[in-house]
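Reviewing the structure listed below.
There are 6 protein chains.
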Amino acid sequence: MKLIGRIPFLNWFFFFSALPLLTRPASPQLITFPKQELIDYTAQNPFDRLPDRRPKVPEAMIERARDLSSEEVWEVLEEKGYNNQYADGFQVLHAGKTMVGRAFTVQFMPVREDVNKVAQAKAKQSIGKRLFNQTAIDMLQPGDVLVVDLFGKKVGGTIVGDNLFFFVNQATKGGGLVVDGSVRDLDGISEIDMPAYFRSVDPTPIGNVMLTGINIPIRIGNVTVMPGDLVVGDREGVYFVPPQFVQEVLDRADETHIHDEWTKKKFAEGKYKSTEIYGSPSEPKLKQEYEEYLKKRLDEIHKQRNGK
Amino acid sequence: MKLIGRIPFLNWFFFFSALPLLTRPASPQLITFPKQELIDYTAQNPFDRLPDRRPKVPEAMIERARDLSSEEVWEVLEEKGYNNQYADGFQVLHAGKTMVGRAFTVQFMPVREDVNKVAQAKAKQSIGKRLFNQTAIDMLQPGDVLVVDLFGKKVGGTIVGDNLFFFVNQATKGGGLVVDGSVRDLDGISEIDMPAYFRSVDPTPIGNVMLTGINIPIRIGNVTVMPGDLVVGDREGVYFVPPQFVQEVLDRADETHIHDEWTKKKFAEGKYKSTEIYGSPSEPKLKQEYEEYLKKRLDEIHKQRNGK
Amino acid sequence: MKLIGRIPFLNWFFFFSALPLLTRPASPQLITFPKQELIDYTAQNPFDRLPDRRPKVPEAMIERARDLSSEEVWEVLEEKGYNNQYADGFQVLHAGKTMVGRAFTVQFMPVREDVNKVAQAKAKQSIGKRLFNQTAIDMLQPGDVLVVDLFGKKVGGTIVGDNLFFFVNQATKGGGLVVDGSVRDLDGISEIDMPAYFRSVDPTPIGNVMLTGINIPIRIGNVTVMPGDLVVGDREGVYFVPPQFVQEVLDRADETHIHDEWTKKKFAEGKYKSTEIYGSPSEPKLKQEYEEYLKKRLDEIHKQRNGK
Amino acid sequence: MKLIGRIPFLNWFFFFSALPLLTRPASPQLITFPKQELIDYTAQNPFDRLPDRRPKVPEAMIERARDLSSEEVWEVLEEKGYNNQYADGFQVLHAGKTMVGRAFTVQFMPVREDVNKVAQAKAKQSIGKRLFNQTAIDMLQPGDVLVVDLFGKKVGGTIVGDNLFFFVNQATKGGGLVVDGSVRDLDGISEIDMPAYFRSVDPTPIGNVMLTGINIPIRIGNVTVMPGDLVVGDREGVYFVPPQFVQEVLDRADETHIHDEWTKKKFAEGKYKSTEIYGSPSEPKLKQEYEEYLKKRLDEIHKQRNGK
Amino acid sequence: MKLIGRIPFLNWFFFFSALPLLTRPASPQLITFPKQELIDYTAQNPFDRLPDRRPKVPEAMIERARDLSSEEVWEVLEEKGYNNQYADGFQVLHAGKTMVGRAFTVQFMPVREDVNKVAQAKAKQSIGKRLFNQTAIDMLQPGDVLVVDLFGKKVGGTIVGDNLFFFVNQATKGGGLVVDGSVRDLDGISEIDMPAYFRSVDPTPIGNVMLTGINIPIRIGNVTVMPGDLVVGDREGVYFVPPQFVQEVLDRADETHIHDEWTKKKFAEGKYKSTEIYGSPSEPKLKQEYEEYLKKRLDEIHKQRNGK
Amino acid sequence: MKLIGRIPFLNWFFFFSALPLLTRPASPQLITFPKQELIDYTAQNPFDRLPDRRPKVPEAMIERARDLSSEEVWEVLEEKGYNNQYADGFQVLHAGKTMVGRAFTVQFMPVREDVNKVAQAKAKQSIGKRLFNQTAIDMLQPGDVLVVDLFGKKVGGTIVGDNLFFFVNQATKGGGLVVDGSVRDLDGISEIDMPAYFRSVDPTPIGNVMLTGINIPIRIGNVTVMPGDLVVGDREGVYFVPPQFVQEVLDRADETHIHDEWTKKKFAEGKYKSTEIYGSPSEPKLKQEYEEYLKKRLDEIHKQRNGK
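What follows is the structure in structure tokens.
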């Protein structure tokens, strides 16, 4: 998509003359979430923080998380009573390629010029330029997943086309995209090897909206997403894991992988009914066999992981 | 609905012990919109402000607005380029009864306990009690319309039942309710003469959500609603009118009423084709007749209004 | 709705300069259906024709048809093998008020300026003015039902507001409206006592469409509607009855009314199982009783009808 | 609807010649639920049973239940852990008229002739006639609500028209109808004062289905309905209350009515915030006032009820 | 998915103490379909029966059926008047891989504890353990397709995850799965080469339901599925073929394959209009050519098949 | 699909005896669009015409258009004010394979026998045979895309199965198919390398419809399609480009391809923010670099194209 020499965001245009005098340091967005608030509301974060104060799930954990499935995340979060962390109903760009990264959140709302004029004037004051989708995209870090609330908008709800999708891929090192909205240039996007989850596709560029927040709490489907959540996407949908649960999710997943390995091995022998093996072996002897297998494999995994 | 002696909002329960020390004056909601921001972003408001700083569309205009229809609001806003101020798709409680009032906005998001615990602790510090739907309801003023973003939630998205609906009616002097969510106790609510617009009805009480903002900008359908907008609801849907356009909407509506009066009178004579009369009389003589009628009736209306 | 001094149909605007020279008598619509075609394709019509060549179901039959229900029409058409004459899924303006009249059909399609320019130029040549919704509305006759294909369009798919609805009511003598599209000014429309069936309601005026045919075959839901069909609408939906079946539908409905009268009378006695009475009495004696009742009541109806 | 002399259920037609010899006492339906099973599976029923072994919620309780709302039923069932007893999404025939009665359940499935032939032959043997919707309707008792699984079918899913609806009203003494399917003759039905809940309306008669069970467990929406459940329908939807909870639901509703009475009275005084009164008075003095009021009013109600 | 040491089916928990004394041999499900009934209702079955009395379409026919398409099944069933044997609207796991096998049916309904307690007690008595999804899965035979009515349930409607899907594949020798409900572990399931048709995918395990029948007649979409039906699934949807029609379907498909082979060969020559060749050659000479081709190819196929 | 010896279109059957005498040269379709009308309404066509008078976008342009994406078409049409030329919501047969060709339009409507009888009699008179889907298919030319209005019909809305799809592919030289309706034989169709866009798939053959127009203006989604429009389909949807804009669309796309090439090259260097490069370079030096690159690459493309 080329847009040289034309202004696709006509509705973002504004006259400064009608603006009130802004007498305080202006914040560049309608909805703000100061850094201290971010720290307060993610106080259970056990990790370091990024310069923008988002929790920083460590790189090594992000790598381990590439083997996670939705079910493994569900298992731990359900125990903790976190039942609102999963969103689905997306078109999945590359089925079979797991998405993992730290949530970088962006919110749009339907434009109304009285509000947008003020926001743009404040942006001019504070960051020296207008606010639009690329404002957020320019802030992305390696390991981020761009998570965007465009309230399900299709026409004019296209957060990126293939050029910006290419840029997001570069900037996040293949992190990913989740948008409760649409994308454009699907043919071009399909050739780029970054995971993406979107509601729909449309040929129009983004428009008739205003950027209202960056790294604020946003809602995607039935999830309140916090900046810095670990985003895990598979063929089914997307989980947003609060940082304080990441370690446990990963450790429990190790056990589950071994459990599934053993269960399928047993089933493949063809000697057992499903109830004799799964969810837990019914006979004491089988149970013992499983537990020894689990222990051995866990040891192997830990050695292999430490050996890396 | 009676809830004596039981706690329906179990998910709001929290332990203070795990909370971070809050070293700053806490704001009682996840999403805040300071009074100065509210003033900045509604700078075009030509009227006084309420104590909470919302624009205060005058009472007399609210009364005049009871004769407005969606089309009359559309006419002015479309000219101004405000195409995102209308929401529909609601169940309308009392068809034929126009709703008019000042927007009092409330936002909920899906609960997550790590965030909610902090919000409730901050609420405890700043307002001395927990945050929930009644926190907002207790703040309503006469002339308000309660406008609630419950993200279309049906089960557990019931902002009020008949008792609280009764209270809202008392507090707002019959203002009204718009909820992108549900209500309960519909039989009881139907007996109370306040306009209401809701997506669905459910027997469950509100739950699995957290109150995240009061009098902040919220989204209802394709509208960014600002606190203090004039809310106008008819049989079709709901318009949110920025205060700076209220006067013009009302004055133009006077002309439209007269125009329609005259047009129907002419049609009733049975002598004309529709194109000869509507939208504007085609013959000079008819046009003149209309203009004289318009002038006369406008004078009458103004006299009558001033005479009140 | 008032539209004085402004042009709501901006997209209908056109420059004649770019037009091809039209060397033949121009027809004023994209899709034409010459009068001879109309006669050929409704050759089974047993009645007179209107000046525009539509079949003219007689006024007396229209009056009798006010007692019809969807089921009574279904019964005859199903026997004839006409299974595609019923459309539902409408909002019904006045539940309980039966709509009956002769179909006056109108078709719109999405506007494209290259086509519309030519159509408007042809209209200018042949009828001296532009084509738009009022062009059709001005042609309505007493006893007509205006049937409009606006392909389910909501925004900009509003065939009439309250002024034109008022005019349609005048022109058709309360005939009615069926639109696979929307209306506006619902509050105003609700006060006018003409039946109407529409898909949705919107505050915008009609726009982004072009009028492509008047009194041509159109599709409403799963029905191919022919100009002059008898339109019968009840609480459930709308039947389009080919003129050749109107007499039989009415005569059979007389019997059905008597059958239902008798059946309910019998049920009210409380002595019979439903299977003993309905659909047809199982006992010979009851059957005879019914047949005598039927004969007597038919005689009464015929006398009463002739006596009028 | 009249069907004299014609056979609307052509698909029910069958040839006996191809049938297997039936060597056992045949049960007349595809899915059977013997009387002992019905007794076993409703073992918690505290009341008498009807001759067909369904639990018989007493007439007096049915009368008291006419004041219930969905919320009052929800309150008790939620406490008991019964979260699957509510169905909604129906068209409600007479809004504002509560439906109460004992569930009489009927199940249909899509017809397949190999199965239907056998079922009809068995019916011929055991009950002497074919199975169809009237078979069930003839078995209705006063106080019953007819609850029908027609799997959401619209065309051909019409359990009754106005004649049979009239009969059901007679037979059940105004009990009611819930159908996960459709009805026909809506104009006629609307004139009969019995509550009804249906998914849609269609002019076709029932067809392309076979009756597969009477007074068996069926599914309506997300509810497993048992024969004899107390059915309670209001403006919102329908609750199916297991008989063992009816007494408690009714007693708790008495308290709720008084609670709401008092709460609204207090709100009407205009002196209190909503949180001071509702769900439970916050001040000890108010609490005491409420408790005295509750006690007094309960006494009055009990006296009045006993006095009847 | 690992579930060791936890009980995911909490809602299946029950206390025996409250149970009625069961004085008869208990049947282990709410809905029963005795073996004799199964035989009676599938009396037209021309084949042997499995030990559980389901019709046993022979293995050789199952193999031949792997070349069937939906259209070829439609052709025969439509002639027989069986219009309710096709279901679609599924997610298809492995597009392009035909599913063929004998229907093994399972039914779930929404749980209600009063009923479930009794069912589980009866199960304890008769089969010595509780009833749940694995009860049915353990009974699968080679050549079966597991067909499950979970009434479209998504959350908690997951009949299997990857472990049980692996087991079903083992037990049925790659038969297949049709569920009017969901699956979980889609990433894992995708790696297993068994056909599957499901409505949706969810990370939750099965829950809030009770198993109510095994090898009973069930409804999937608009089909009444009988145990032992031949299930044929392609890219479009799933056909359930009564055993008595299998032979004819297969033989007619042979002719259709040859017909299509010849038709496309002729089209590829580029000399003919479509109407000259298809559905049946219009010229006598072409017709003769086709008939000779058909005969020759049928002979070849029969020889090849017999030679196997 | 084989249909030898049977008549699948029973509803097309008709008796000539009841027909009116047709005294004029009969047109073979209900809706006609004479050649002169086609020429008038596509007067802006800058190219030659096909023998049937449709605009003939040159073969070379069709080839160049194979590199177009929806966004590139959108860009030019939006500037021209043509906002109704795009349709989506289709199932796309071969994702990643662009469809390009000249629109050959066909319209069906729900059958009604009174109308169909006349149409078939007229067809008999004028073309010597009955009208049905193959009538249109036999008229296809190389480079055509078959565009069919079957009003979203699924059951009986199957314009082709694999045999006719094979023929369409032969006749159009791989042009393509767009149907607002369905196809059958999806397994067979999937093996044929022609692009296709359809709403759904069904095993039934086409039926319960009548062919009402060939190469007339039709509506597909929100597009008025004119015969001869350039049809461009990608992964997202289908654009119908009026011939007068084809040249500009192609030329602008060249620039866009180069722009995207350069933008991604710059992004890949990792030195720039997205706003520095895209939509247009912000620094003068970068801008100059881009403009030189654009000029150089355009020259290369033009040389390469001319050199072909």
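Chains as they are written, first to last, in the numbering used here: chain X, 1 to 308; chain Z, 1 to 308; chain B, 1 to 308; chain C, 1 to 308; chain R, 1 to 308; chain U, 1 to 308.
C-beta atoms are modelled at their ideal positions from N, C-alpha and C, and glycine is treated no differently.
Computed from a prediction, not measured in an experiment: that's the story for all the values here.
Notebook entry, point to check: Who are L177/Z's beta bridge partners in DSSP?
Noted result: Counting from 1 along the second sequence, the entry for residue 177/Z is found at position 177. Per DSSP, L146/Z and A196/Z.
Next item on the list: Using a Cβ-Cβ cut-off of less than 7 Å, give me the residues of the region 244-259 of chain Z that come near chain B, in sequence order.
Entry: E255, T256 and H259
Checklist line | Residues, ordered as in the chain, of the region 33-64 of chain B that lie near chain U by beta-carbon distance below 7 Å | finding: Q36, D40, Y41, A43 and Q44
Item checked: chain B residues whose Cβ lies nearer than 7 Å to that of T263/Z -> Residue numbering aside, residue 263/Z sits at position 263 when the second sequence is read from its first letter. Neighbours of T263/Z across chain B, judged by C-beta separation under 7 Å: N163.
Checklist line | Coil, strand or helix - L230/U by DSSP | finding: Taking the first residue of the sixth sequence as 1, we reach residue 230/U at position 230. Reduced to three states, the DSSP call for L230/U is strand.
Check: Is T42/R closer than 9 Å to P51/R when the C-beta atoms are compared?
Finding: Within the fifth sequence, numbered from 1, the residue matching residue 51/R stands at position 51. Within the fifth sequence, numbered from 1, the residue matching residue 42/R stands at position 42. It is not a contact, given that the beta carbons lie outside the stated cut-off.
Check: Just curious, the beta strand (DSSP E) that F108/B is in, first and last residue?
Finding: Position 108 of the third sequence, counted from the start, is the residue given in the question as residue 108/B. Segment M99 to P110, the beta strand (DSSP E) holding F108/B.
Notebook entry, point to check: Closer than 9 Å, CB to CB, is T204/C near chain B or not?
Noted result: In the fourth sequence, counting from the first residue as 1, residue 204/C sits at position 204. Cβ-Cβ to chain B under 9 Å: yes for T204/C.
Next item on the list: Taking V145/U and V178/U to be in contact with their CB atoms under 8 Å, please state how far apart those CB atoms are, rounded to whole angstroms.
Entry: Reading the sixth sequence from its first residue, position 145 is the one you call residue 145/U. Reading the sixth sequence from its first residue, position 178 is the one you call residue 178/U. Their Cβ separation, rounded to whole angstroms, is 6 Å, which keeps V145/U and V178/U in contact under 8 Å.
Next item on the list: Alpha carbon to alpha carbon, how far is V106/R from S182/C? Give it in angstroms, no decimals.
Entry: As a working mapping, residue 182/C is identified with position 182 in the fourth sequence. As a working mapping, residue 106/R is identified with position 106 in the fifth sequence. Cα atoms of S182/C and V106/R: separation of roughly 27 Å, rounded to the nearest angstrom.
Notebook entry, point to check: According to a CB-to-CB cut-off of less than 9 Å, which residues of the region 186-199 of chain X neighbour chain Z?
Noted result: Residues: none.
Checklist line | Spatially closest choice to Q141/X from F132/X, F104/X, L131/X and A253/X, by CA coordinates | finding: Looking up residue 141/X in the first sequence gives position 141. Sorting F132/X, F104/X, L131/X and A253/X by C-alpha distance to the C-alpha of Q141/X places F104/X at the top.
Note to self: Less than 9 Å between the beta carbons of P110/B and N208/U, yes or no?
What the structure shows: As a first step, residue 110/B is located in the third sequence; it is residue number 110 there, counting from the start. As a first step, residue 208/U is located in the sixth sequence; it is residue number 208 there, counting from the start. Cβ atoms of P110/B and N208/U: not closer than 9 Å.
Next item on the list: May I ask you to report which of helix, strand or coil DSSP gives S182/Z?
Entry: Here residue 182/Z is taken as the residue at index 182 of the second sequence, counted from 1. Strand at S182/Z.
Item checked: Helix, strand or coil at L211/B according to DSSP, with G and I counted as helix -> Here the question's residue 211/B lines up with position 211 in the third sequence. If DSSP states are grouped into helix, strand and coil, L211/B belongs with the strands.
Item checked: Contact with chain B by K310/C, beta-carbon distance below 9 Å -> In the structure as shown, chain C begins at 1 and stops at 308. Residue 310/C is therefore absent and cannot be evaluated.
Note to self: Below 8 Å on C-beta distance, what does N84/X contact in chain Z?
What the structure shows: In the first sequence, residue 84/X corresponds to position 84, counting from 1. P110, V111, R112 and N208, listed in chain order.
Next item on the list: Measuring alpha carbon to alpha carbon, tell me which of V73/X, P284/X and G213/X ends up nearest Q120/X.
Entry: Within the first sequence, residue 120/X is the residue found at index 120, counting from 1. Taking only the C-alpha atoms, the option nearest Q120/X is G213/X.
Item checked: Own chain partners of D48/U with C-beta closer than 7 Å, once the 5 adjacent residues on each side are dropped -> The sequence position of residue 48/U within the sixth sequence is 48, counting from 1. Answer for D48/U: K56, listed in chain order.
Checklist line | Buried versus exposed, by CB contacts within 10 Å (16 or more), P25/R | finding: Along the fifth sequence, one-based indexing puts residue 25/R at 25. The predicted position of P25/R is uncertain, since its pLDDT is 43 and thus under 50; no value can be drawn from it.
Next item on the list: To the nearest angstrom, report how far apart T263/X and S274/X are at their CA atoms.
Entry: Here residue 263/X refers to the residue found at position 263 of the first sequence. Here residue 274/X refers to the residue found at position 274 of the first sequence. Each residue's Cα considered, the two are about 9 Å apart.
Note to self: Please confirm whether F151/U has its beta-carbon closer than 9 Å to some beta-carbon of chain R.
What the structure shows: Numbered from 1 along the sixth sequence, position 151 holds the residue referred to as residue 151/U. Chain R contact via Cβ: absent.
Margin query: With three or more C-beta pairs closer than 8 Å as the rule, is the region 126-139 of chain C touching the region 236-256 of chain C?
Written below: Contact check between the region 236-256 of chain C and the region 126-139 of chain C: fewer than three CB pairs, one atom from each, fall below 8 Å, which does not count as touching.
Check: Between I39/B and the rest of its own chain, which residues show a CB-CB distance below 7 Å, the 5 nearest in sequence each way excluded?
Finding: Walking along the third sequence from the start, residue 39/B turns up at place 39. Cβ within range, chain order: R53.
Margin query: Determine whether the beta carbon atoms of Y197/B and F90/B lie at a separation below 9 Å.
Written below: Start at 1 with the first residue of the third sequence, and residue 197/B comes out as number 197. Start at 1 with the first residue of the third sequence, and residue 90/B comes out as number 90. Their beta carbons are under 9 Å apart, which means Y197/B touches F90/B by this criterion.
Check: When the cut-off is 9 Å and only beta carbons count, does N306/X lie next to chain Z?
Finding: Counted from its first residue, the first sequence places residue 306/X at position 306. So no, N306/X is outside the interface.
Next item on the list: Answer yes or no: do G175/C and R102/C have a C-beta to C-beta separation smaller than 9 Å?
Entry: Sequence index remark: in the fourth sequence, residue 175/C carries index 175 (1-based). Sequence index remark: in the fourth sequence, residue 102/C carries index 102 (1-based). Contact: yes.
Notebook entry, point to check: Does DSSP classify A121/U as helix, strand or coil?
Noted result: Sequence index remark: in the sixth sequence, residue 121/U carries index 121 (1-based). Here A121/U sits in helix by DSSP.
Check: Near M99/U, what residues of its chain come up, given a Cβ to Cβ distance below 6 Å and the 5 sequence neighbours on each side ignored?
Finding: One-based indexing of the sixth sequence puts residue 99/U at position 99. Only G176, P195 and G233 meet the Cβ criterion.
Check: Whose C-alpha, out of N222/B, M226/B, L294/B and P281/B, is nearest the C-alpha of T215/B?
Finding: Position 215 of the third sequence, counted from the first residue, corresponds to residue 215/B. It should be pointed out that residue 215/B corresponds to Asn in this sequence rather than to Thr. Checked all of N222/B, M226/B, L294/B and P281/B; the closest Cα to N215/B is M226/B.
Notebook entry, point to check: Are any of the Cβ atoms in chain Z nearer than 9 Å to that of A119/X?
Noted result: Residue mapping note: residue 119/X aligns to position 119 of the first sequence, counting from 1. Closer than 9 Å: yes.
Check: Nearest-angstrom Cα distance between F240/B and E71/R?
Finding: Locating residue 240/B in the third sequence gives position 240, where the first residue counts as 1. Locating residue 71/R in the fifth sequence gives position 71, where the first residue counts as 1. F240/B and E71/R: Cα-Cα distance of roughly 34 Å.
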